[in-house]
Amino acid sequence: MLLQGKTAVISGAASRRGIGLATAKLFAAHGARVAILDLDLSAAHGAAASLGEGHLGLRCDVTDAEACNSSAAKVVESFGGIDILINNAGITEPVKTLGIDAKSWQRIIDVNLKGVLLLSQAVIPTMQRRGGGSIACMSSVSAQRGGGIFGGPHYSAAKAGVLGLAKAMAREFGPDGIRVNCVTPGLVETDITGDKLTPAMKADIIKGIPLGRLGAATDVANIYLFLASDLSAYVTGAVIDVNGGMLIH
Ligand code: NAD
Numbered sequence: 000m001l002l003q004g005k006t007a008v009i010s011g012a013a014s015r016r017g018i019g020l021a022t023a024k025l026f027a028a029h030g031a032r033v034a035i036l037d038l039d040l041s042a043a044h045g046a047a048a049s050l051g052e053g054h055l056g057l058r059c060d061v062t063d064a065e066a067c068n069s070s071a072a073k074v075v076e077s078f079g080g081i082d083i084l085i086n087n088a089g090i091t092e093p094v095k096t097l098g099i100d101a102k103s104w105q106r107i108i109d110v111n112l113k114g115v116l117l118l119s120q121a122v123i124p125t126m127q128r129r130g131g132g133s134i135a136c137m138s139s140v141s142a143q144r145g146g147g148i149f150g151g152p153h154y155s156a157a158k159a160g161v162l163g164l165a166k167a168m169a170r171e172f173g174p175d176g177i178r179v180n181c182v183t184p185g186l187v188e189t190d191i192t193g194d195k196l197t198p199a200m201k202a203d204i205i206k207g208i209p210l211g212r213l214g215a216a217t218d219v220a221n222i223y224l225f226l227a228s229d230l231s232a233y234v235t236g237a238v239i240d241v242n243g244g245m246l247i248h
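Under numbering that gives the first Met the number 0, the sequence shown has 194 at position 195, and the numbering climbs by one with no breaks.
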């Protein structure tokens with residue numbers, strides 16, 4: 000039980016096969032009380048109920064500062080404080096540079112990058128009052144290798160922005176006992192790619208993965224657990240690859 004007595008907020012954790020819900024289940028199994036924040040209220044409720052008693056499901060669009068603030072306030076009201084924030088919500092889109100219009104640029108940057116800022120801003124003051132906390136942010140191998148897997152260049156840019164933002168927050172809030180780290184997964188089998196990732200594309204990607212398979216949501220959840228727990232008490236500003244060796248630096 001690595002998170003006994005801890006409280007966690009996880010964004011983008013209502014989708015059935017997603018990394019967020021796998022993380023919520025793992026955190027609950029390790030003793031945490033979990034608040035699931037997602038776009039759809041009934042999906043968030045259902046996901047929270049699937050964890051057992053005492054968890055929370057809230058509607059929160061992470062691109063909306065007010066929604067982030069009111070969600071953080073509701074979690075504090077229910078749980079008494081927040082120890083862990085997992086900035087996991089994200090969207091992607093397979094387009095190339097010349098096909099990115101202003102609207103899709105804004106949408107991808109807003110959810111993947113601005114959402115990390117807004118939810119962190121909503122949660123950090125309560126962590127400061129509590130004397131510390133752990134924030135883990137979702138980036139991607141796309142940020143490190145310039146895409147070329149599924150998401151477009153705007154997705155790579157947003158996820159690279161997450162790395163810079165998280166490292167800067169790690170530096171700024173270390174003195175408050177707040178650690179901030181990132182995960183950079185390779186291709187993980189969830190529904191984020193919709194039906195646009197064909198079996199042929201998958202087979203082609205697997206050829207470049209030394210461990211010979213795509214990632215599972217639990218592969219990433221396990222790293223979030225490490226970052227959320229005291230096992231990583233002296234780790235901040237770090238980026239942890241979860242990519243089966245797809246990119247070795
Ligand atoms: P997913 O689609 O199952 O989960 C994404 C979740 O985010 C969904 O529940 C969705 O409703 C939620 N969401 C979307 N926009 C939101 C918003 N504005 N506010 C709140 N919630 C919102 O996909 P996933 O693969 O589990 O993705 C989780 C994270 O992992 C994303 O940030 C994604 O970019 C990142 N990621 C995924 C992969 C992969 O291969 N699946 C690889 C690297 C990084």
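We treat Cβ as the ideally placed atom computed from N, Cα and C, and that holds for glycine.
Exercise. If you run the structure through DSSP and keep just helix, strand and coil, what is residue 61?
Worked result: Numbered from 1 along the sequence shown, position 62 holds the residue referred to as residue 61. Looking at residue 61 - three-state DSSP - the assignment turns out to be coil, as it is neither helix nor strand.
Problem set entry | CA nearest to the CA of residue 167, picked from 94, 15, 236 and 21 | The residue given as residue 167 occupies position 168 in the sequence shown. Here the closest residue by C-alpha is 236.
For this session: Can you grab the Cα-Cα spacing for the pair residue 142 / residue 215, in whole Å?
Result: As a working mapping, residue 142 is identified with position 143 in the sequence shown. As a working mapping, residue 215 is identified with position 216 in the sequence shown. So the two alpha carbons sit approximately 19 Å from each other.
For this session: Consider the C-beta atom of residue 184 and the heavy atoms of ligand 1; say whether any pair is separated by less than 6 Å.
Result: Within the sequence shown, the letter at position 185 stands for residue 184. For residue 184, the Cβ falls inside the 6 Å cut-off from some heavy atom of ligand 1.
Exercise. How should residue 138 be labelled, buried or exposed, when 16 other C-beta atoms within 10 angstroms of its C-beta is the threshold for buried?
Worked result: Within the sequence shown, residue 138 is the residue found at index 139, counting from 1. With 16 or more other Cβ atoms within 10 Å, it is buried.
Problem set entry | Delimiting residues of the alpha helix (DSSP H) encompassing residue 6 | To locate residue 6, count along the sequence shown from 1; it is residue 7. Unbroken run through residue 6 is the beta strand (DSSP E), 6 to 10; no alpha helix (DSSP H).
Exercise. Any idea what DSSP makes of residue 106, helix, strand or coil?
Worked result: As a working mapping, residue 106 is identified with position 107 in the sequence shown. Under the three-state reduction of DSSP, residue 106 is assigned to helix.
Exercise. Measuring CA to CA, which of 31, 239 and 148 is closest to residue 206?
Worked result: Taking the first residue of the sequence shown as position 1, residue 206 is located at position 207. Residue 148 is the option with its Cα nearest to residue 206.
For this session: Please find out if some non-hydrogen atom of ligand 1 comes closer than 6 Å to the beta-carbon of residue 50.
Result: The count along the sequence shown starts at 1 and reaches residue 50 at position 51. No, Cβ of residue 50 sits at least 6 Å from all heavy atoms of ligand 1.
Problem set entry | Of the listed residues 187, 210, 204 and 182, nearest to residue 225 (C-alpha basis) | Position 226 of the sequence shown, counting from 1, holds the residue named residue 225. Selected option, being the one with the closest Cα: 182.
Problem set entry | Element boundaries [beta strand (DSSP E), containing residue 241] | Here residue 241 corresponds to residue number 242 of the sequence shown, with the count starting at 1. Looking at the DSSP string, the run of the beta strand (DSSP E) that includes residue 241 is 238 to 241.
Problem set entry | Residue range of the unbroken alpha helix (DSSP H) whose run includes residue 37 | Position 38 of the sequence shown, counting from 1, holds the residue named residue 37. Unbroken run through residue 37 is the beta strand (DSSP E), 32 to 37; no alpha helix (DSSP H).
For this session: Could you name the residues that DSSP lists as bridge partners for residue 178?
Result: Locating residue 178 in the sequence shown gives position 179, where the first residue counts as 1. 133, per the DSSP bridge assignment.
For this session: Report the rounded CA-to-CA distance for residue 5 versus residue 30, giving the unit in angstroms.
Result: Taking the sequence shown and counting its residues from 1, the one referred to as residue 5 is at position 6. Taking the sequence shown and counting its residues from 1, the one referred to as residue 30 is at position 31. Each residue's alpha carbon lies about 7 Å from the other.
For this session: Compare the beta carbon distance of residue 136 and residue 161 with 7 Å and say whether it is the shorter of the two.
Result: Numbered from its first residue, the sequence shown carries residue 136 at position 137. Numbered from its first residue, the sequence shown carries residue 161 at position 162. Yes, they are a contact pair.
Problem set entry | One or two residues paired with residue 56 in a DSSP bridge | Your numbering for residue 56 matches position 57 in the sequence shown. BP columns for residue 56 point to 35.
For this session: With a 10 Å radius around its C-beta and 16 neighbouring C-beta atoms as the bar for buried, classify residue 194 as buried or exposed.
Result: In the sequence shown, counting from the first residue as 1, residue 194 sits at position 195. Flag for residue 194 reads exposed.
Exercise. Between residue 168 and ligand 1, is the CB less than 6 Å from at least one heavy atom?
Worked result: For the purposes of this step, residue 168 is identified with residue 169 of the sequence shown, where counting begins at 1. The answer is no for residue 168.
Problem set entry | residue 98, buried or exposed, once every other Cβ within 10 Å from all chains shown has been counted against 16 | Position 99 of the sequence shown, counting from 1, holds the residue named residue 98. Counting Cβ neighbours within 10 Å, residue 98 comes out exposed, since fewer than 16 surround it.
Exercise. If we ignore side chains and look at the alpha-carbon of each, how far apart do residue 175 and residue 2 end up?
Worked result: Here residue 175 refers to the residue found at position 176 of the sequence shown. Here residue 2 refers to the residue found at position 3 of the sequence shown. Pairing residue 175 with residue 2, the inter-Cα distance amounts to about 20 Å.
Exercise. So what's residue 161 in DSSP terms, helix, strand or just coil?
Worked result: Along the sequence shown, read from residue 1 onward, the residue named residue 161 stands at position 162. DSSP places residue 161 in helix when its eight states are reduced to three.
For this session: Indicate, with yes or no, if ligand 1 has a heavy atom lying under 6 Å from the CB of residue 139.
Result: Along the sequence shown, one-based indexing puts residue 139 at 140. Yes, the beta carbon of residue 139 sits closer than 6 Å to at least one heavy atom of ligand 1.
Exercise. In three-state DSSP terms, what is residue 87?
Worked result: Your numbering for residue 87 matches position 88 in the sequence shown. DSSP places residue 87 in the coil class of the three-state scheme, outside both helix and strand.
Exercise. Thinking C-alpha only, which one of 51, 244 and 158 is nearest residue 113?
Worked result: Start at 1 with the first residue of the sequence shown, and residue 113 comes out as number 114. When each option's Cα is compared against that of residue 113, the closest is 158.
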